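Here the sequence shown stands for residues 106 to 453, where the numbers follow the working numbering.
This report concerns only the one structure given below.
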Amino acid sequence: MGAKVTIKDVAELAGVSKSTVSRYLNHGYISLEKQQRVREAIEQTGFKSNFFAKRLKTQESKLIGIVLPRMDSVTVGKLLSGINRIFDPAGYQGILLVSHLSIEKELENIQNLQQQGVDGILVDSVGLTDRHIELAKTTSVPIVYTGQWNEAVPSIKIDDWAAGRMVGAYLRQMGHRHAVFAGFAGVTQTDKAVGVDRRQGFVEAFCEDRPEARVDFVETGFDFLSAYNKGAAILELAPTVVVGATDNISLGVLRYLHERGIQVPEQISVVGFGGYDVGAVVYPALTTVAFDYELLGMKAAQYLLDLLAHHAGEENMTLPLFFVERESVRNLTEKYETKAPASYLELT
């Protein structure tokens, strides 16, 4: 063969596909028999490339794949800030791919990164499936999932169930008995964080030992506008409080109420989750549970570096929750001169 040898040449000599050679170079899964054939073909041809030669020699590329559900999110910016605070001093660079809230695209991105020779992968996951677990277990490239948790794979997330209970207990103390929980449309059991745990924790704490307490659910999307568009459906249920699964959802509801002259919290209360900065500057300021997404990014990045170094890593992965009481919730145990109307539809 000539001096310039390609992956195609190696694949032909080994009798395998080019993708098999690529998986071998990236420490992806191939059979032991094919590993031997590819290794012998590389030795016979003297195959080298700038990137793969470095990887084969040092066993590292100093590249980390990062898969995000979206880019237009406050939480993503803070998560990336935390990730960078750990990776940058350690000499690692990130390759960003976006799943656009699609589980299939997320899985595709993980596979693409495995083939690109990254040292490790961080995934801010839309929802963990059996395929996610399989990908983490059938490759030597370590994967850490954030935003979701499964004991079968390295993962870290905020305690959404505890956050939900925190809000439920607070509203219970404030005398509310009828809530609407506004959450994501199309949620499946794979999205156990916001889709299941946060909502379940809220319902348990809000309704515990109170048969008269009631929680209705209204499906929304992830964004401000979709929550705004569900304002009429929410008001038709006539709750005393609306709990948005995220601050974005709550802000959409607040806007809808404001445009229709419905006073918050005198006529209806609103609560969120996330602790976004904008919640402090809207009027009335939004009561919420604040999450430290930057710390989440730092812990996830350190978790991955520990896996790369074959260290046990930090045992305490607990992330703090901060309840932020502002102006958007009415205390129904106190007497107000202004009473909620019999039907909110009268104000629309």
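The beta-carbon is built from N, C-alpha and C at its ideal position, and this holds for glycine as well.
Predicted model only: the values in this text are computed from it and were never measured.
Within its own chain, the residues whose Cβ lies closer than 7 angstroms to the Cβ of V320, once the five positions on either side in sequence are excluded, are A284, F286, V308, F311, C312, listed in chain order. Restricting attention to beta strand (DSSP E) runs no shorter than 3 residues, the region 306 to 390 encloses them at 319 to 325, 346 to 349, 374 to 379, ordered along the chain. A257 sits exposed, since fewer than 16 C-beta atoms from the chains shown fall within 10 Å of its C-beta. Taking C-beta atoms as the reference points, L168 and G199 count as a pair closer than 9 angstroms.
Residue burial is scored here from C-beta neighbours: P425 has fewer than 16 other C-beta atoms within 10 angstroms and is therefore classed as exposed.
In the structure shown, the three-state DSSP call for S433 is coil. Closest option to K262, judged by alpha-carbon separation, among L202, S204, L401: L401. Within its own chain, the residues whose Cβ lies closer than 6 angstroms to the Cβ of S186, once the five positions on either side in sequence are excluded, are E399, listed in chain order.
In the structure shown, V179 falls within a helical segment according to DSSP collapsed to helix, strand and coil. In the three-state reduction of the DSSP assignment, G280 falls in the coil class. For F152, the secondary structure class from DSSP, reduced to helix, strand or coil, is coil. I261 carries a strand assignment under DSSP once its states are collapsed to helix, strand and coil. Residue burial is scored here from C-beta neighbours: Q219 has at least 16 other C-beta atoms within 10 angstroms and is therefore classed as buried. The Cβ atoms of A405 and T251 lie closer than 9 angstroms to each other.
Closest in C-alpha terms to A267, from the list S433, G182, L227, T423, comes T423. Per DSSP, the beta bridge partners of T392 are V376. For G280, the number of other beta carbons within 10 angstroms of its own is below 16, and it is reported as exposed. Using a 10 angstroms sphere on the CB of M403, the tally of other CB atoms reaches 16 or more, which defines it as buried.
R315 is classed as exposed because its beta carbon has fewer than 16 other beta carbons within 10 Å across all chains shown. The alpha helix (DSSP H) runs lying completely inside the region 225 to 273 and spanning 4 residues or more are 235 to 242, given in chain order. The closest CA to that of A274, considering only E432, I248, Q216, F428, is found on F428. Selection H363, I215, V223 evaluated against V231 yields I215 as nearest (Cα-Cα).
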